[in-house]
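Structure first, then comments.
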Amino acid sequence: MARRPRSSRAWHFVLSGVRREADGRAGTRGWGYDSDGQQHSDSDSEPEFSSLSPSIPSAIPVTGESFCNCESQSEAPFCSSLHALHRVRDCRCGEEDEYFDWVWDDLNKSTATLLTCDNRKVNFHMEYSCGTAAIRGNKELADGQHFWEIKMTSPVYGTDMMVGIGTSDVNLDKYRHTFCSLLGKDEDSWGLSYTGLLHHKGDKTNFSSRFGQGSIIGVHLDTWHGTLTFFKNRKCIGVAATKLQNKKFYPMVCSTAAKSSMKVIRSCASCTSLQYLCCFRLRQLLPDYVDTLDVLPLPPGLKQVLHNKLGWVLSMNYSTSKPSSSSSSGSDSDSSCSDAEACQRKRCRRT
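Read in order, the letters of the sequence shown correspond to residues 28 to 378 in the numbering used here.
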């Protein structure tokens with residue numbers, strides 16, 4: 028996918044809330060802000076703004092990684108005019124599902140979060156950021172197959188914005204005053220950062236290319252085989268973890284960025300049955316550009332049942348799971364894939 032140039036409007040979005048907050052506090056004491064829109068005491072806050080852009084690259088939102096080509100995905104979802112905020116129409120590309128196995132849990136989230144869209148969309152740090160906010164799904168992922176997709180519905184920037192899983196032992200509000208990569212900071216969670224790094228037990232591994240506004244990150248938790256697999260824009264990235272049998276997880280996301288948001292656009296579950304295994308194998312054997320149900324000579328009633336129950340399995344795309352001998356290995360990243368990334372992608376193939 029061709030990478031779009033960085034949008035000046037997206038950069039304007041990042042700083043707009045920062046400047047408004049600074050103006051409101053000018054009468055009390057000096058304040059400064061960094062790439063996440065966080066607040067810190069500084070008597071010379073105004074000069075800090077002029078040097079913010081070149082000194083902190085992470086403040087520049089990631090663009091050019093969207094699932095679709097909608098113009099709004101390369102720009103900020105808000106713009107200011109005459110001291111008012113005007114909402115740009117949300118992109119709905121990829122949002123076909125109407126039933127959701129789980130949504131975000133209003134009772135298990137950080138204080139700096141706000142839920143909308145029937146608890147499917149989580150908004151982080153509505154004004155400014157002073158740490159890391161996180162949330163988990165309202166359903167424990169028990170035995171079986173679980174697949175969900177998270178869409179980045181705002182500019183993606185800052186210390187970290189992550190998608191992953193964690194156990195009930197993860198304290199979602201522990202780092203509310205600290206900027207960090209929360210998911211994967213301990214042994215109870217795994218997190219994929221927007222920078223492409225995979226986090227677990229405090230360790231970081233090069234795993235994928237970056238993702239940004241408009242990107243769709245898919246997660247497949249297979250408790251039968253004990254694997255955790257990530258997808259980007261409905262193409263497989265690779266297997267992130269193994270030996271996860273007999274463990275209970277929740278889907279989780281976190282963000283340090285002010286005015287950031289993510290949306291659940293798919294959440295499915297099924298038991299590990301012979302029907303599931305057959306559908307999974309069919310998807311692997313057929314070319315990725317082929318609609319599995321269209322090419323199979325099945326009765327219309329059976330096709331409808333499979334579409335309703337296992338449509339997510341039959342739509343999986345493994346086109347990047349078999350890298351070529353070239354260094355790029357089909358990656359859309361800025362540079363050639365590292366050996367670690369190529370290894371992770373190879374592991375995506377099932378035996």
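Idealized CB from N, CA, C, for every residue including glycine.
**Q.** Buried/exposed call for proline 314, threshold 16 Cβ in 10 Å
**A.** exposed
Q | histidine 334: first and last residue of the uninterrupted alpha helix (DSSP H) it sits in | A | Unbroken alpha helix (DSSP H) run through histidine 334: 327-341.
Q. Per DSSP, what kind of secondary structure is serine 72 in: helix, strand or coil?
A. The predicted model places serine 72 with a pLDDT of 36, which falls under 50 and marks its position as unreliable, so this point remains unresolved.
Q | Contacts around lysine 166, its chain only, beta-carbon distance under 7 Å, and the 5 residues preceding and following it disregarded | A | Asp128, Trp129
Q) Where do the N-terminal and C-terminal ends of the beta strand (DSSP E) with valine 291 fall, by residue? A) 287-297
Q: List the residues that DSSP assigns as beta-bridge partners of leucine 313.
A: Paired residues: none, contrary to the question.
Q: Pull up the DSSP beta-bridge partners for asparagine 150, would you.
A: Leu141, Ser288
Q | Per DSSP, cross-strand counterpart(s) of proline 278 | A | Ile192
Q) So arginine 293 packs on methionine 343, CB below 8 Å; how close in whole Å? A) 12 Å between Cβ atoms; not a contact.
Q: Quick one: give me the first and last residue of the alpha helix (DSSP H) that aspartate 321 is part of.
A: Where aspartate 321 is concerned, the enclosing alpha helix (DSSP H) stretches over 319-322.
Q: List the endpoints of the continuous beta strand (DSSP E) containing glutamine 380.
A: The first residue shown for the chain is 28 and the last is 378, placing residue 380 beyond what the model contains.
**Q.** Cβ-Cβ distance between asparagine 150 and serine 288 below 7 Å
**A.** yes
Q | Same chain, Cβ closer than 6 Å to glutamate 176, five either side skipped, listed in chain order | A | Ile243, Gly245, Ile292, Arg293
Q: Using three-state DSSP, classify arginine 163 as helix, strand or coil.
A: Of the three classes helix, strand and coil, the one that applies to arginine 163 here is strand, per DSSP.
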